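Asks: If you're matching positions, the sequence shown starts at 15 in the working numbering and goes up one per residue.
Cβ coordinates follow ideal geometry from the N, Cα and C atoms, glycine included.
Since the structure is predicted, the reported quantities are computational estimates derived from the model, not experimental observations.
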Amino acid sequence: MGRKSSKAKEKKQKRLEERAAMDAVCAKVDAANRLGDPLEAFPVFKKYDRNGLNVSIECKRVSGLEPATVDWAFDLTKTNMQTMYEQSEWGWKDREKREEMTDDRAWYLIAWENSSVPVAFSHFRFDVECGDEVLYCYEVQLESKVRRKGLGKFLIQILQLMANSTQMKKVMLTVFKHNHGAYQFFREALHATEAISTPPEVPSLGQLGQSGPLETGQPDAGVLLGCGGEGSGTVSPCGASSPHT
15 MGRKSSKAKE
25 KKQKRLEERA
35 AMDAVCAKVD
45 AANRLGDPLE
55 AFPVFKKYDR
65 NGLNVSIECK
75 RVSGLEPATV
85 DWAFDLTKTN
95 MQTMYEQSEW
105 GWKDREKREE
115 MTDDRAWYLI
125 AWENSSVPVA
135 FSHFRFDVEC
145 GDEVLYCYEV
155 QLESKVRRKG
165 LGKFLIQILQ
175 LMANSTQMKK
185 VMLTVFKHNH
195 GAYQFFREAL
205 HATEAISTPP
215 EVPSLGQLGQ
225 SGPLETGQPD
235 AGVLLGCGGE
245 GSGTVSPCGA
255 SSPHT
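1) Tell me the residue span of the beta strand (DSSP E) that contains Leu155.
2) Who are Tyr62's beta bridge partners in DSSP?
3) For Phe168, name the three-state secondary structure that DSSP assigns.
4) Is Phe140 closer than 9 Å to Ala46 when the C-beta atoms are compared?
5) I need the DSSP call for Arg162, collapsed to helix, strand or coil.
6) In angstroms, rounded to a whole number, what distance separates the CA positions of Asn178 and Glu80?
7) Buried or exposed: which applies to Arg162, given that a residue is buried once 16 or more other Cβ atoms fall within 10 Å of its Cβ?
8) Give me the residue from Gly164, Thr180 and Thr83 with the minimum Cα distance to Tyr150.
9) Give the DSSP-derived three-state secondary structure of Phe56 in the structure shown.
10) According to DSSP, Ser136 sits in a beta bridge with which residue or residues?
11) What do you get for Gln198, buried or exposed, if any count of 16 or more other CB atoms within 10 angstroms of its CB means buried?
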């Protein structure tokens, strides 16, 4: 009886510790999502004026964006990505993608030319992934005229900076393996150094993640390469639906 009682106590203690650890993770995610502007403390990152570009960058919840801006972001994503989706197991579905992009938890970085013309954006969220507090990047999309000028990498650096300032453990994203240019870009931008295999049920997807200390966008990083899928709708420990589990 004594041995069984001891084991039961150990199991209970372990459960309590796991719950406390998850509560701490959720508290960090909740605190990040309560911010008015995660970029407010870093005004130097609100402007990009290199390689012939001169754009301003703002960070807002989707609820703070004008409907026309949301429509532009959706249309740009469709233009850039529909073919890639159709070559994957997912396929392209307007309704599902728009719902994902307008979810209440969605945050956006928007790059504006002349303060009035949107030319690039990133859709991201503060969320829980595999038990870790993460900044999950759903999209980085650029108009063709502003590509190959360092703006995409700059947006990734901003995501890393915000992840660091909000005590997120990782920046993560899902990328199609057959989108070779994007796959290589994100591996380099996130300093991907390590990989694990992709499960066979989603062979066309790779999930990249960067962890470790983040210092002004240059992390001393370890990396995950696994799988993720849109719309699987699993429930995270904080009670939020996570489409990338």
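Replies: On the basis of the data shown:
1) Numbered from its first residue, the sequence shown carries residue 155 at position 141. First, the amino acid is wrong: residue 155 is Gln here, not Leu. That run of the beta strand (DSSP E) goes Asp146 to Leu156.
2) Counting from 1 along the sequence shown, the entry for residue 62 is found at position 48. The beta-bridge partner set that DSSP reports for Tyr62 consists of Val69.
3) Locating residue 168 in the sequence shown gives position 154, counting from the first residue. DSSP places Phe168 in helix when its eight states are reduced to three.
4) Counting from one through the sequence shown, the residue named residue 46 turns up at place 32. Counting from one through the sequence shown, the residue named residue 140 turns up at place 126. In this structure, Phe140 lies closer than 9 Å to Ala46 by Cβ.
5) Taking the sequence shown and counting its residues from 1, one reaches residue 162 at position 148. If DSSP states are grouped into helix, strand and coil, Arg162 belongs with coil.
6) For this step, residue 178 is matched to residue 164 along the sequence shown. For this step, residue 80 is matched to residue 66 along the sequence shown. The alpha-carbon atoms of Asn178 and Glu80 are separated by roughly 28 Å.
7) In the sequence shown, the residue the question calls residue 162 occupies position 148. So Arg162 counts as exposed.
8) Within the sequence shown, the letter at position 136 stands for residue 150. The residue with the shortest Cα to Cα distance from Tyr150 is Thr180.
9) Residue 56 sits at position 42 when you count from the first residue of the sequence shown. Phe56 falls in the coil class under three-state DSSP.
10) Along the sequence shown, one-based indexing puts residue 136 at 122. According to DSSP, Ser136 bridges with Leu123 and Val154.
11) Position 184 of the sequence shown, counted from the first residue, corresponds to residue 198. So Gln198 ends up on the exposed side.
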